[in-house]
Amino acid sequence: MNTPLVSASGNASAHAPAALPVLPRPSAEEFAAVLEHGAYMPLSQFGVIDTTGDDAASFLHSQLTNDIQHLDAANARLAGYCSAKGRLLASFLSWRSGDTIRLLVSKDVQAAVQKRLSMFVLRAKAKLTDTSGELAVIGLAGDVRGALSGVFDALPDGVHVQVDGAAGTLIRVPDALERLRYLWIGPKAQVEALLPSLDGKLKRVSPAVWDWLDIRAGEPRITQPVVEQFVPQMVNFDVLGAVNFRKGCYPGQEVVARSQYRGTIKRRTSLANVAGELDTVRPGTEVFHSDDPGQPCGMIVSAASAQAGGVDLLVEIKLAALESGSVHLGAADGPALRFLTLPYGLPAEV
Numbered sequence: 029m030n031t032p033l034v035s036a037s038g039n040a041s042a043h044a045p046a047a048l049p050v051l052p053r054p055s056a057e058e059f060a061a062v063l064e065h066g067a068y069m070p071l072s073q074f075g076v077i078d079t080t081g082d083d084a085a086s087f088l089h090s091q092l093t094n095d096i097q098h099l100d101a102a103n104a105r106l107a108g109y110c111s112a113k114g115r116l117l118a119s120f121l122s123w124r125s126g127d128t129i130r131l132l133v134s135k136d137v138q139a140a141v142q143k144r145l146s147m148f149v150l151r152a153k154a155k156l157t158d159t160s161g162e163l164a165v166i167g168l169a170g171d172v173r174g175a176l177s178g179v180f181d182a183l184p185d186g187v188h189v190q191v192d193g194a195a196g197t198l199i200r201v202p203d204a205l206e207r208l209r210y211l212w213i214g215p216k217a218q219v220e221a222l223l224p225s226l227d228g229k230l231k232r233v234s235p236a237v238w239d240w241l242d243i244r245a246g247e248p249r250i251t252q253p254v255v256e257q258f259v260p261q262m263v264n265f266d267v268l269g270a271v272n273f274r275k276g277c278y279p280g281q282e283v284v285a286r287s288q289y290r291g292t293i294k295r296r297t298s299l300a301n302v303a304g305e306l307d308t309v310r311p312g313t314e315v316f317h318s319d320d321p322g323q324p325c326g327m328i329v330s331a332a333s334a335q336a337g338g339v340d341l342l343v344e345i346k347l348a349a350l351e352s353g354s355v356h357l358g359a360a361d362g363p364a365l366r367f368l369t370l371p372y373g374l375p376a377e378v
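Our numbering applies: residue 29 is where the sequence shown begins, and numbers increase by one.
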């Protein structure tokens, strides 16, 4: 059963966030724009939390799974935020913008996560602010460097490298299907004024295409339906560099470390495709193995309409379930998952 992210008042239903809308399937032309040329997409599915104050870095360092204390102005980092039981409440991309540390987060968990983090500020000189309304978040994918060179004086040359310019921050994120990808975050009015300059060079496409590219890059995102379902390693966060095992304590750190060093990671996230549409293939949906129909063997973490049809998904699953038989959506007689190759390798588990 899914566990909702409880608000600071302790009431899970108080101020419950609206679920992220089910985005319509992108057109063939939108998929082709990314794969054959280049495209940009405003990303309404994300929010931004700004953390300011003298203790902003040390505070976040004590709360998140990655090293925020030593986050510099040239790099971004993935990070998770866990419950005391080591289960993920949220996933972030973090970076510095001047004296501010910014956290990009799924919009449907943002308010509850921000409220929970704020409860632990206590005497620290740190303040968390929702700046989603002031900032635009734009994803760019494919052959986009020429168009971006008209907006930024320099472009990031490596994954999670960032550059700052008059128009905001540009961060390179992991490639998907061997296509370059960037996030552009900047003042909303300024970004929106510059977007028309891209229209002659890039096609504007649905934000659903970005969700698909994230999945093909093997990057899970924690949204409301899967809050508190996974230890970071279950969604490959250790492989993706979202966990620093040498940093100090954070909520759930003992559980995360124990899973890492005692060889107890028996579940991982895999890439798959399944027939259907997003109205039935959703994060939080359980999957079942053909040889054990009585209990689920995994759960969908992220899902998006696929260019080749059906739905591509990242599914957290028992490693043993991948060894033989078949895995099915919703029940042992449901649609069968077709497993694909992740763009990165996973460590051999003991």
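A virtual CB, placed ideally from N, CA and C, is assigned to each residue, including glycine.
| Asked | Found |
| --- | --- |
| Quick test of your reading: L150 and R209, contact by CB under 8 Å. State the CB separation rounded to the nearest angstrom. | In fact, because the Cβ distance is near 38 Å, the residues do not count as touching under 8 Å. |
| Is it buried or exposed for G174, if we count other Cβ within 10 angstroms and need 16 for buried? | exposed |
| What residues match up with V191 in a beta bridge as DSSP calls it? | L198 |
| Would you report the Cα separation of S177 and G228, rounded to the nearest angstrom? | 14 Å |
| Could you tell me whether the region 215-223 touches the region 248-267, using the rule of 3 or more Cβ pairs below 8 Å? | no |
| Pairing CB atoms from the region 65-74 with CB atoms from the region 230-244, are three or more of them under 8 Å? | yes |
| Skipping 5 residues on each side, what residues in its chain have a beta carbon closer than 7 Å to that of P311? | T251, P253, V254, I328, V329, S330 and A331 |
| Taking L116 as the reference, which of D95, Q91 and V315 has the closest Cα? | Q91 |
| Should I96 and A107 be called a contact, given that it needs their Cβ atoms to be closer than 9 Å? | yes |
| When DSSP labels each residue in this structure, what does L48 get in the three-state scheme? | coil |
| Please work out which residues of its chain come closer than 6 Å, Cβ to Cβ, to G373, disregarding the five sequence neighbours upstream and downstream, and give them in chain order. | none |
| Pick helix, strand or coil for Q281, following the three-state DSSP scheme. | helix |
| Express the C-alpha separation of T80 and I243 in angstroms, rounding to a whole number. | 31 Å |
| With C110 and P279 assumed to form a contact (beta carbons below 8 Å), what rounded beta-carbon distance in angstroms separates them? | 5 Å |
| Can you give me the C-alpha to C-alpha distance between G196 and P184, rounded to a whole angstrom? | 13 Å |
| Round the Cβ separation of G362 and H317 to the nearest angstrom and send it over; I've been treating them as touching at under 8 Å. | Going by Cβ atoms, the distance from G362 to H317 rounds to 11 Å, so no, they are not a contact pair. |
| Pick helix, strand or coil for S146, following the three-state DSSP scheme. | helix |
| By DSSP's criteria, K155 is part of a beta bridge. Which residues make up the other side? | T80 |
| Hey, could you find the ends of the alpha helix (DSSP H) G174 is sitting in? | R173 to L176 |
| Q281: which of G114, A67 and L51 sits nearest, CA to CA? | G114 |
| In three-state terms, what does DSSP make of E256? | coil |
| Under the DSSP definition of a beta bridge, which residues are partnered with W123? | R130 |
| Suppose you measure from the CA of A102 to the CA of V76; what does that come to, to the nearest Å? | 19 Å |
| Count the C-beta pairs between the region 299-306 and the region 337-345 that are closer than 8 Å, then say yes if the count reaches three, no if not. | yes |
| As a quick exercise: from N94, A67, D203 and V62, pick the residue whose alpha carbon is nearest that of K275. | N94 |
| Buried or exposed: which applies to Q218, given that a residue is buried once 16 or more other Cβ atoms fall within 10 Å of its Cβ? | exposed |
| Which stretch, first to last residue, makes up the alpha helix (DSSP H) that contains I243? | P235 to R244 |
| Report the option in S55, L205 and L131 whose CA atom is closest to the CA atom of K231. | S55 |
| So F59 is in the alpha helix (DSSP H); what residue range does that whole segment cover? | A56 to E64 |
| Taking the C-alpha atoms as reference points, what is the distance between A42 and K346? | The predicted model places A42 with a pLDDT of 37, which falls under 50 and marks its position as unreliable; any figure quoted below should be read in that light. Distance between the alpha carbons of A42 and K346: 34 Å. |
| What's the gap between the Cα of L357 and the Cα of L370? | 20 Å |
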